[in-house]
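Numbering (the numbering used here), first residue to last: 649 to 816. Cβ coordinates follow ideal geometry from the N, Cα and C atoms, glycine included. All figures in this text were calculated on a predicted structure; none of them were measured in a lab. Below is one structure; the comments refer to it alone.
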């Protein structure tokens, strides 16, 4: 049982609802959040979403908004869209143990961001060497406030492909 089960299928899309399409912030293969070997994500403690097996080295802003949280370790980013949607991007599991090595912040906490703007960089080779799991969970922190989330599972290109359609 998950805390926030908001995933829907095409047949369950709310009537007369317009989706907020979330562009992929990272290049890679999109997989269900249930594939993340961490109960905080599989139980949806951080909200509903997807995970990406990264193949690139940059993180891009999937929408215009504000950086809510971006610690010095640069392994986790929380963003807020202008419509109130709050998103968390976690770069690998237990990446805090890398103590920021291989991660670079390109924006600061509190900064306004534009869709498509590069906000972080990471060394995928260092992640693969140091971490048991390089999956990057992308979760909607306030998914309890949305009507539904339709996940799109495929290989995604950052700034080009939608990874979720969110019905607010």
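By the criterion of a C-beta distance shorter than 6 Å, residue 803 is surrounded in its chain by 677, once the five residues flanking it on both sides are discounted.
Counting only runs that start and end inside the segment 741 to 815, the beta strand (DSSP E) elements of at least 3 residues fall at 751 to 753, 766 to 770, 784 to 788, 796 to 799, 810 to 815.
Assigned with DSSP and collapsed to three states, residue 694 falls in coil, not helix or strand. Annotation for residue 729: the continuous beta strand (DSSP E) segment containing it runs 724 to 729. When only Cα atoms are considered, residue 768 and residue 725 end up about 9 Å apart. With a threshold of 16 other beta carbon atoms within 10 Å, residue 758 falls short and is exposed.
Pairing residue 781 with residue 737 gives a Cβ-Cβ distance that is not under 8 Å.
Around the Cβ of residue 734, a 10 Å sphere holds 16 or more other Cβ atoms; the residue is buried. Excluding its 5 nearest sequence neighbours in each direction, residue 744 has C-beta neighbours in its own chain below 6 Å: 721, 723, listed in chain order.
Within the same chain, 770, 771, 774, 775 come within 7 Å of residue 750 by CB-CB distance, once the 5 residues on both sides are set aside.
With a threshold of 16 other beta carbon atoms within 10 Å, residue 753 meets it and is buried. Separation of residue 792 and residue 816 (C-alpha to C-alpha, rounded to the nearest whole angstrom) is 10 Å.
Under the three-state reduction of DSSP output, residue 717 falls in the strand class. Shown here for residue 805: same chain residues with a beta carbon closer than 8 Å to its own, the five before and five after excluded, namely 672, 675 in chain order.
In the DSSP assignment, residue 707 falls within the beta strand (DSSP E) that extends over 706 to 708. In this structure, the CA atom of residue 777 is about 12 Å from the CA atom of residue 740.
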